[in-house]
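Chemist:
Chains as they are written, first to last, in the numbering used here: chain A, 1 to 182; chain B, 1 to 153.
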């Protein structure tokens, strides 16, 4: 496989994942203060209430650097590892989906159960549950899911990142939606 | 100056809407026979030929919006929207920002999968990527228009 064939799609997927990580943990490489026009290294707090800080440029830069590194690494991964990369991606994707489902299911049960179900509130419980469920599910993965590297990851992973952003920003919408539904 | 940039941003967005809508409809619902109706002619375009135009316009529009206009929005319009207790427009704009960035990152893959000669094997991924970018462009256009009506720069 040509180097470019591998690096370009990997860059797009890695960029979305690094951007999400940079945004979530505020890993901006630099901060722009639009009121004063100043640039600061790494994430810095706002100068004052009326002079907010902008991290977007810093997040994009962090994501671009991370994605370039991963894309460069992808070019040296031997082609015979593709099926293992595909397996790992499928497993990680199923784990992530099941983690979300188990998380909310566990909280739903814990809210309605007794104090003995308090362990359902622990993040470790959700992670272990999702890991076990993914391991069981992986036994039933069809062969076509694991044999060849699927190009659809290039669209699916960024799309999932977009959904995560909708979820993370729900705080802006939920009170208004609740008010409308009331 | 801000007004001129905002007009440029809007005009580019309108051009992008046209290009990506042509391409999305053409790729999902290709016109195989001689087009008769307006809608059929709308779909009967050479979808691959839009690739570079969409990429260039998208990048320029993100530059105009994100680099030249965004700081003014951040210290002016957004502060006002928060003061008016209008969380929904602020959240919609935040989504616009994140969707734009993810689509910007997708452009290399979009360029790569739309490279001629187009392989039938990669038709699905082309549809997928085009749809994500089309959604982003439409979202950006509608949210930008809505916000500008609500509280212009």
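Glycine residues also receive a C-beta, built at the ideal position from the N, C-alpha and C atoms.
1. What does the alpha-carbon distance come out to for the pair residue 179 of chain A and residue 173 of chain A?
2. Pair every Cβ in the segment 2-20 of chain A with every Cβ in the segment 55-70 of chain A, then say whether three or more of these pairs are closer than 8 Å.
3. With a cut-off of 8 Å, does the C-beta of residue 134 of chain A fall near any C-beta of chain B?
4. Take the Cβ of residue 100 of chain B as the centre, count every other Cβ of all protein chains shown within 10 Å, and call the residue buried at 16 or more, exposed below.
5. Does any C-beta atom of chain A lie closer than 8 Å to the C-beta of residue 181 of chain B?
6. Consider the C-beta atom of residue 17 of chain A and the heavy atoms of the ligand FMN; say whether any pair is separated by less than 7 Å.
7. According to the Cβ coordinates, are residue 9 of chain B and residue 65 of chain B closer than 8 Å?
8. What residues from chain A crowd round residue 91 of chain B, counting only those whose CB sits closer than 7 Å?
9. So, at 8 Å on beta carbons, what are the nonlocal neighbours of residue 109 of chain A in its own chain, with the 5 sequence-adjacent residues on each side left out?
10. Can you grab the Cα-Cα spacing for the pair residue 56 of chain B / residue 108 of chain B, in whole Å?
11. Does any CB atom of chain B fall closer than 8 Å to the CB of residue 70 of chain A?
12. Would residue 182 of chain A be called buried (16 or more neighbouring beta carbons within 10 Å of its own) or exposed?
13. Touching or not, the segment 13-24 of chain B and the segment 123-133 of chain B, by the rule of three or more beta carbon pairs under 8 Å?
14. Would you call the segment 134-145 of chain B and the segment 110-118 of chain B touching, i.e. three or more CB-CB distances under 8 Å?
15. With a cut-off of 8 Å, does the C-beta of residue 56 of chain B fall near any C-beta of chain A?
16. Check whether the Cβ of residue 112 of chain B lies closer than 8 Å to any Cβ atom in chain A.
17. List, in chain order, every chain A residue whose beta-carbon is nearer than 8 Å to that of residue 99 of chain B.
Modeler: So, to answer that:
1. 10 Å
2. yes
3. no
4. Per the 10 Å Cβ criterion, buried.
5. Examination of residue 181 of chain B is not possible in this model, given that chain B is present from 1 through 153 alone.
6. Among the components of this structure there are no ligands whatsoever, and the ligand FMN is therefore not found.
7. Yes. Within cutoff.
8. 169, 172, 173
9. 117, 120
10. 12 Å
11. No, because no Cβ of chain B sits closer than 8 Å to the Cβ of residue 70 of chain A.
12. exposed
13. Touching, per the Cβ criterion.
14. No, because fewer than three Cβ pairs between the segment 134-145 of chain B and the segment 110-118 of chain B fall closer than 8 Å, the two stretches do not touch.
15. no
16. yes
17. 162, 165
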